[in-house]
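Novice: Numbering (this note's numbering), first residue to last: 773 to 1028.
All C-beta atoms, glycine included, are put in the ideal place defined by N, C-alpha and C.
Just passing along the structure, written as structure tokens.
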Ligand SMILES: [Zn+2]
């Protein structure tokens, strides 16, 4: 709970400086999208994360009136307004879909399973080799290296479960971001930039086992499919030139 809920609000600002974003070209569409998706935020903050890395990143965090939308200076420097908007749509997806609370629930169960396994595995190994290893029992401090080894084994073997959980939420956020931001080309361009540190085209097995986010291939495919199926209205010749805001706005969804 500390990592997911409290640290982004109370700890992250200790290490970086958050300043209010003033450029209306960037700020206004983000706040419009926030309002359209029921996020109670009135400001967008820029955080100087270029001090730590050159990764592009953003987040929507907070609870009980501390909600805040922030994006890092790498995102502002390296991305177009369309790319920024689709990234913020993704982050808003995490917030609106309550991923933080679902994470807390999932990891509570996950750690319960980890400790249950640890208890069972310690009893089992000690009953076999406890005497030879001169460990008197589960309360003997000498059990610590064995406990660390068994927990590490548990976390290693369950890596794919964690990754599937995380990747599923990331894909949900991608889909939310496409619907909210309506910037499939921006999305694809950001996905390519993420190739800086995440393999773009892994084998499906590699993605299934080791990827905590969808691969670039999966994300770009989703963005282009969304574009094909949802943006045909933009290609229709129109007698009147559309105001720029129309380019961002939604084609009316057809009723099913
Ligand atoms: Zn995400």
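(1) Please say whether residue 871 and residue 949 have beta carbons closer to each other than 8 Å?
(2) Under three-state DSSP, which class holds residue 782?
(3) DSSP on residue 818, reduced to helix/strand/coil?
(4) Measuring only the C-alpha atoms, how far is residue 821 from residue 962?
(5) At a threshold of 7 Å, does residue 945 count as lining ligand 1 (C-beta to nearest heavy atom)?
(6) Where do the ends of the alpha helix (DSSP H) carrying residue 841 lie?
(7) Buried or exposed: residue 891, going by 16 or more other Cβ atoms within 10 Å of its Cβ?
(8) Go ahead and label residue 988 buried or exposed: buried means 16 or more other beta carbons lie within 10 angstroms of its beta carbon, across all protein chains shown.
(9) Three-state secondary structure (DSSP) at residue 792?
(10) In the DSSP assignment, find the unbroken alpha helix (DSSP H) run with residue 888 in it and report its ends.
(11) Taking 6 Å as the limit between beta carbons, can you name the residues of its chain near residue 832, skipping five residues before and five after?
(12) Kindly identify the DSSP beta-bridge partner or partners of residue 832.
(13) Assign residue 970 to one of three DSSP states: helix, strand, or coil.
(14) Can the beta-carbon of residue 943 be found closer than 8 Å to that of residue 827?
Specialist: On the basis of the coordinates in this document:
(1) Stepping through the chain shown from its first residue, residue 949 is reached at position 177. Stepping through the chain shown from its first residue, residue 871 is reached at position 99. Taking 8 Å as the Cβ cut-off, residue 949 and residue 871 do not qualify as a contacting pair.
(2) Here residue 782 refers to the residue found at position 10 when the chain shown is read from its first residue. Helix, per DSSP.
(3) Taking the chain shown and counting its residues from 1, one reaches residue 818 at position 46. Residue state, collapsed to three classes: strand.
(4) The sequence position of residue 821 within the chain shown is 49, counting from 1. The sequence position of residue 962 within the chain shown is 190, counting from 1. Their Cα atoms are separated by approximately 18 Å.
(5) By 1-based counting over the chain shown, the position of residue 945 is 173. Within the cutoff, so yes.
(6) If you number the chain shown from 1, residue 841 lands on position 69. Here residue 841 belongs to no alpha helix (DSSP H); instead the beta strand (DSSP E) covers 840-844.
(7) On the chain shown, position 119 is the one that residue 891 refers to. Answer is exposed; the Cβ neighbour count stays below 16.
(8) Residue mapping note: residue 988 aligns to position 216 of the chain shown, counting from 1. Residue 988 is buried by the Cβ-count criterion.
(9) Mapped onto the chain shown, residue 792 falls at position 20. Here residue 792 sits in strand by DSSP.
(10) As a first step, residue 888 must be located in the chain shown, where it is residue number 116. Unbroken alpha helix (DSSP H) run through residue 888: 871-901.
(11) One-based indexing of the chain shown puts residue 832 at position 60. Closer than 6 Å at the Cβ level, and outside the excluded window around residue 832, lie 841, 863, 864 and 867.
(12) Taking the first residue of the chain shown as position 1, residue 832 is located at position 60. The partner list for residue 832 (beta bridge, DSSP) reads 841.
(13) To locate residue 970, count along the chain shown from 1; it is residue 198. Three-state DSSP puts residue 970 in coil, outside helix and strand.
(14) Stepping through the chain shown from its first residue, residue 943 is reached at position 171. Stepping through the chain shown from its first residue, residue 827 is reached at position 55. Not a contact, by the Cβ cut-off of 8 Å.
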